[in-house]
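**Q**
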Amino acid sequence: MRILMVCLGNICRSPLAEGIMRHLATEQRLGWTVDSAGTGNWHVGDPPDPRSVQVARKHGIDISGLRGRQFQTADFDNFDRIFVMDLNNYRDVLGKSRSEEDRNKVQLLLDQQQPVPDPWYDDALFEPVYQLILNGCKRIVTAAEYSK
-18 MRILMVCLGN ICRSPLAEGI MRHLATEQRL GWTVDSAGTG NWHVGDPPDP RSVQVARKHG
42 IDISGLRGRQ FQTADFDNFD RIFVMDLNNY RDVLGKSRSE EDRNKVQLLL DQQQPVPDPW
102 YDDALFEPVY QLILNGCKRI VTAAEYSK
């Protein structure tokens, strides 16, 4: 499976989601490809926010080598599932869709339309955001294991 994680700038939430999902998929030997992108272009080429790098490292995941990129329409062709962090990301990604098939690939990472809050303005949110993303990724991995 090819999975894309998407947030606004691709420096806080989606790099965490990429690192967490890649880590879980590797642990379970799923052979998944995982990437991340942002809906905006402000941080193209930039490394993840140091606070995201720090919280990931605290949990044994290294995301320091990732670099920001912007979501492109071609991502619908390159990925099977596209997980977004909040409803604004959802609308922005759907706005680039070309078909029902594209739209069916997109969903919020968390259940019940719950957004992953953006921790950019609040240092204290990075650990809770990490935990939310971890739980969302675990749910996806578990669902994939049951569907084998």
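No gaps in the numbering here: position 121 of the sequence shown is 102 in the numbering used here, and each next residue is one more.
In this text, a Cβ means the ideal position worked out from N, Cα and C, and glycines have one as well.
Which residues in the same chain as Gln88 place their Cβ atom closer than 7 Å to its Cβ, once the five residues preceding and following it in sequence are excluded?
**A** Closer than 7 Å at Cβ, skipping near neighbours: Phe64.
**Q** Who pairs with Ser17 in a beta bridge, going by DSSP?
**A** Its beta-bridge partners are Met(-14).
**Q** For a test of the three-state rule: what should DSSP assign to Gln112, helix, strand or coil?
**A** Three-state DSSP puts Gln112 in a helix.
**Q** Out of Met66, Asp43, Leu47, Ala37, which has the shortest C-alpha to C-alpha gap to Thr20?
**A** Considering only alpha carbons, the answer is Met66.
**Q** To which residues does DSSP link Val87 through a beta bridge?
**A** Answer is Ile63.
**Q** Buried or exposed: Met2, going by 16 or more other Cβ atoms within 10 Å of its Cβ?
**A** Met2 is buried by the Cβ-count criterion.
**Q** Going by C-alpha to C-alpha distance, which of Gly76, Leu90, Leu91 sits closest to Arg84?
**A** Comparing Cα-Cα distances from Arg84 to each of Gly76, Leu90, Leu91, the minimum goes to Gly76.
**Q** Just reading off the alpha helix (DSSP H) that Lys39 is part of, what are its end residues?
**A** Run containing Lys39: 31 to 39, per the alpha helix (DSSP H) assignment.
**Q** Please classify Met(-14) as buried or exposed, where buried requires at least 16 other C-beta atoms within 10 Å of its C-beta.
**A** Buried is the call here.
**Q** Using beta-carbon positions only, say whether Leu115 and Val97 come within less than 7 Å of one another.
**A** No, they are not a contact pair.
**Q** Quick check on the burial criterion: 16 or more other C-beta atoms within 10 angstroms. Buried or exposed for Leu68?
**A** So Leu68 ends up on the exposed side.
**Q** Do you know offhand how far Leu11's Cα is from Gly0's?
**A** So the alpha carbons of these two residues sit roughly 15 Å apart.
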